[in-house]
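Chains A and B, in that order, are what the protein sequence lines are.
Numbering-wise, my numbering comes out as the position in the first sequence, counting from 1, plus 471.
Numbering-wise, my numbering comes out as the position in the second sequence, counting from 1, plus 471.
Heads up, the beta-carbon is just placed ideally off N, CA and C, and yes, glycines get one too.
Number of protein chains: 2
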Amino acid sequence: LKTVPDVTEKTFDFDQYINIRRQLIEQRLSQYLPSAEPEQLWQSMRYSVLSGGKRFRAILCLASAEAVYFNKVGGTVRSTADSALLDTILPCCCAIEMVHAMSLIHDDLPALDNDDFRRGKPTNHKVFGEAVALLAGDALLMLANEVLIKETPKSVGREVLLSVIAELAHCTGANGMVGGQVYDLALTGKVAEAELITKMHNGKTGALIRFSAWSGATVAGANLETQELFNQFAETLGLAFQIADDLLDVTGDIKTLGKTPGKDQADNKSTWVTLFGLEGARAKLAELEETGLAFLDKIVLSDNRLSALKQLLQYAIHRVN
Amino acid sequence: LKTVPDVTEKTFDFDQYINIRRQLIEQRLSQYLPSAEPEQLWQSMRYSVLSGGKRFRAILCLASAEAVYFNKVGGTVRSTADSALLDTILPCCCAIEMVHAMSLIHDDLPALDNDDFRRGKPTNHKVFGEAVALLAGDALLMLANEVLIKETPKSVGREVLLSVIAELAHCTGANGMVGGQVYDLALTGKVAEAELITKMHNGKTGALIRFSAWSGATVAGANLETQELFNQFAETLGLAFQIADDLLDVTGDIKTLGKTPGKDQADNKSTWVTLFGLEGARAKLAELEETGLAFLDKIVLSDNRLSALKQLLQYAIHRVN
């Protein structure tokens with residue numbers, strides 16, 4: 472396991488920060504997803520979870536935990552204190568990635584979006600068949616819960632852990648991600664109103680992003696007030712993430728995007744861009760950047776501990792893929 | 472809420488016992504599945520969970536809990552003491568039914584068994600479309616966890632509750648039910664060996680039946696030794712349930728069965744009957760009945776408290792649908 476280098480306000484290197492954490496998360500994911508039996512099923516699960524991706528949600532969870540943790544133990548973000556924190560929070564980061572992978576597998580199925588490629592690779596059902604892909608998604612959902620319970624150390628209070636599992640179920644289920652996918656079905660081929668687009672996005676993308684920041688802070692021991700600030704920050708971040716996605720679908724190019732742009736338009740799908748227009752969407756993003764930074768200012772932690780969260784917000788808004 | 476009548480060894484009426492409990496479980500399920508938004512999704516979830524079924528797993532869970540509970544509080548199975556027990560165990564019973572319904576919805580999809588009818592009604596995707604059916608299954612899996620955590624009273628220890636959720640995830644995931652469905656895919660059109668048939672059945676049906684009895688006993692406060700006896704009893708019961716199912720597919724008639732018999736043969740699927748023959752399967756069932764009753768004898772509880780479990784074993788073996 473690589474140690475996480477000292478990070479101070481002056482030396483904060485976002486790319487390095489992201490790369491080291493991505494590697495830590497992927498090592499742990501691989502460990503939680505052995506090549507077991509039935510072979511086809513585990514291969515299919517590994518294929519989707521371990522085949523790259525930004526790990527945005529898992530890193531958001533880890534960065535939120537770090538911000539709270541180092542405020543508690545004092546000092547700057549240090550390598551020495553990190554292994555305890557990593558053991559505490561990586562199971563939650565990995566559970567989030569498993570749930571996210573599951574949503575992508577099911578979303579790509581012919582019954583839903585019928586996508587052949589994701590991140591430049593054939594989608595899960597193209598490789599393993601629809602039956603195994605469907606079941607791999609189901610299994611990942613259960614594995615996320617199993618990992619959270621069996622791998623989170625006892626230092627995390629049992630009530631806290633139960634609240635995290637209940638919240639994950641809530642954010643992932645009919646009132647969250649899955650509900651958002653159903654609203655998405657209703658959006659295709661229609662000129663939708665802002666209310667429906669908001670419901671769709673809040674569920675489909677927003678709920679798991681909010682959970683990522685909230686659970687990171689909560690598992691690391693944030694009090695209720697701080698938990699609520701993380702919730703508000705992450706709601707802003709999540710919305711910005713979605714608007715940026717819709718913008719990229721119009722303005723992005725296939726090379727940096729890794730997928731064909733213009734899909735929403737081809738599907739005749741209502742998005743933030745169809746609703747606000749290009750300039751309106753950009754203005755909304757600028758507003759969300761300010762709001763998000765203002766929420767972070769309210770989180771009473773010394774500045775350097777929030778650097779990563781600030782950069783994650785700015786990344787969500789200014790990214791090119 | 473109907474009260475559960477006094478049950479003594481002499482007056483034990485299995486049909487009445489089952490009917491009252493089925494009603495209690497269904498009332499609670501309906502409460503946990505409101506008609507919420509998105510409407511299509513919740514309707515689809517309600518359709519599959521509330522459209523009948525034997526409730527065998529939920530009743531097994533409740534009967535196991537009752538056996539342990541009344542041994543602790545003393546006396547015979549009484550109406551007065553029951554409401555506390557019901558509040559304790561019904562969330563778990565309902566979670567089991569939700570997971571079971573989810574497995575049926577996904578199993579019926581064209582990507583898997585492609586069944587148009589279940590229990591004499593059109594399958595979920597025939598009514599709500601494949602996309603919603605798929606997502607309803609996902610949502611039910613998460614709702615099962617949410618209900619377990621939010622509705623199980625604090626009188627159940629937090630460690631116990633976490634162990635129940637972890638075990639449900641394990642029994643339902645790649646090492647249990649979902650894994651069994653993948654083995655099932657490998658069985659179709661092949662002459663399979665006993666090992667593969669066993670793996671398929673243990674996962675697909677056995678794991679959740681075992682969980683049902685174990686979780687009932689565990690939530691009601693059974694010690695580790697008693698938990699293990701419930702595990703062994705339920706493994707026997709689960710295997711008997713499956714062999715009886717395979718036999719019914721050959722010997723049952725469409726009217727009492729509620730579905731077309733002969734499907735396994737039409738699908739060229741290896742079953743216990745293709746493996747053992749009709750007489751061999753019947754002999755195996757008789758052997759399992761003895762083994763199961765012997766396990767119950769080892770559970771140190773007064774006889775009347777085990778009546779329901781004995782009858783559930785015999786029902787699993789001698790049922791006609």
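Helix, strand or coil at residue i according to DSSP, with G and I counted as helix
{"i": "A/ARG790", "result": "coil"}
{"i": "B/PHE588", "result": "strand"}
{"i": "A/LYS755", "result": "helix"}
{"i": "B/LYS740", "result": "strand"}
{"i": "A/PRO505", "result": "coil"}
{"i": "B/THR643", "result": "helix"}
{"i": "A/PRO593", "result": "strand"}
{"i": "B/THR659", "result": "strand"}
{"i": "B/PHE766", "result": "helix"}
{"i": "A/LYS625", "result": "coil"}
{"i": "A/PHE423", "result": "For chain A, the structure presents residues 472 to 792; residue 423 of chain A sits outside this window and is missing."}
{"i": "B/GLY733", "result": "coil"}
Under 8 Å between C-beta atoms of residue i and residue j
{"i": "B/VAL603", "j": "B/GLN511", "result": "yes"}
{"i": "B/LEU449", "j": "B/PHE766", "result": "Since the displayed chain B opens at 472 and closes at 792, residue 449 of chain B lies outside it and no answer follows."}
{"i": "A/ARG492", "j": "A/LEU504", "result": "no"}
{"i": "B/SER519", "j": "B/ASN595", "result": "yes"}
{"i": "A/VAL539", "j": "A/LEU639", "result": "no"}
{"i": "B/GLN713", "j": "B/THR659", "result": "no"}
{"i": "A/CYS564", "j": "A/LEU612", "result": "no"}
{"i": "B/ALA572", "j": "A/GLY644", "result": "no"}
Any chain A beta carbon closer than 8 Å to residue i
{"i": "B/TYR654", "result": "yes"}
{"i": "B/LEU695", "result": "no"}
{"i": "B/GLY677", "result": "no"}
{"i": "B/ASP609", "result": "yes"}
{"i": "B/ARG528", "result": "no"}
{"i": "B/ASN739", "result": "no"}
{"i": "B/ALA602", "result": "yes"}
{"i": "B/GLN698", "result": "no"}
{"i": "B/PRO624", "result": "no"}
{"i": "B/ALA645", "result": "yes"}
{"i": "B/ARG549", "result": "Reliability of the predicted coordinates at B/ARG549 is poor, the pLDDT of 47 falling under 50, and the value obtained from them is presented with this limitation in mind. So no, B/ARG549 is outside the interface."}
{"i": "B/ASN673", "result": "no"}
{"i": "B/GLU760", "result": "no"}
Neighbouring residues, chain E, relative to residue i (Cβ below 9 Å)
{"i": "B/ILE620", "result": "The chain labelled as chain E is not found among the protein chains of the depicted structure, namely A and B."}
Minimum Cβ-Cβ distance from residue i to chain B less than 8 Å
{"i": "A/LEU575", "result": "no"}
{"i": "A/ALA765", "result": "no"}
{"i": "A/GLN502", "result": "no"}
{"i": "A/HIS789", "result": "no"}
{"i": "A/ALA534", "result": "no"}
{"i": "A/LEU605", "result": "yes"}
{"i": "A/GLN498", "result": "no"}
{"i": "A/TRP513", "result": "yes"}
{"i": "A/GLU630", "result": "yes"}
{"i": "A/MET516", "result": "yes"}
{"i": "A/GLU568", "result": "no"}
{"i": "A/PRO509", "result": "yes"}
Nearest candidate by alpha-carbon position, reference residue i, set the options
{"i": "A/THR762", "options": "A/GLY748, A/ALA555, A/LEU710, A/ILE576", "result": "A/LEU710"}
{"i": "A/ASN673", "options": "A/ASP720, A/GLY523, A/GLU630, A/THR707", "result": "A/THR707"}
{"i": "B/LEU531", "options": "B/SER778, B/ALA610, B/ALA582, B/MET648", "result": "B/SER778"}
{"i": "A/GLU758", "options": "A/SER741, A/LYS740, A/ILE788", "result": "A/ILE788"}
{"i": "A/PHE483", "options": "A/GLN782, A/ARG790, A/VAL791, A/SER535", "result": "A/GLN782"}
{"i": "A/LEU632", "options": "A/GLN785, A/SER686, A/GLN498", "result": "A/SER686"}
{"i": "A/LYS740", "options": "A/GLU664, A/ALA705, A/THR697", "result": "A/GLU664"}
{"i": "A/LEU784", "options": "A/PHE527, A/LEU495, A/ARG499", "result": "A/PHE527"}
{"i": "B/LEU495", "options": "B/VAL627, B/LEU521, B/TYR654", "result": "B/LEU521"}
{"i": "B/ASP716", "options": "B/LEU679, B/GLU666, B/VAL653, B/VAL791", "result": "B/VAL791"}
{"i": "B/VAL798", "options": "B/ILE636, B/GLN498, B/ILE725, B/LEU728", "result": "Any answer about residue 798 of chain B is impossible in this case: the structure gives chain B only from 472 up to 792."}
{"i": "A/ALA615", "options": "A/LEU667, A/PRO509, A/ALA566", "result": "A/ALA566"}
Limits of the alpha helix (DSSP H) - the one that residue i falls within
{"i": "B/SER442", "result": "In the structure as shown, chain B begins at 472 and stops at 792. Residue 442 of chain B is therefore absent and cannot be evaluated."}
{"i": "A/ASN616", "result": "601-622"}
{"i": "B/LEU580", "result": "B/LEU580 -> no alpha helix (DSSP H), and no H or E assigned at all."}
{"i": "A/LEU679", "result": "678-690"}
{"i": "A/ASP716", "result": "695-722"}
{"i": "B/ASN542", "result": "527-544"}
{"i": "A/GLU666", "result": "665-672"}
{"i": "B/THR727", "result": "725-728"}
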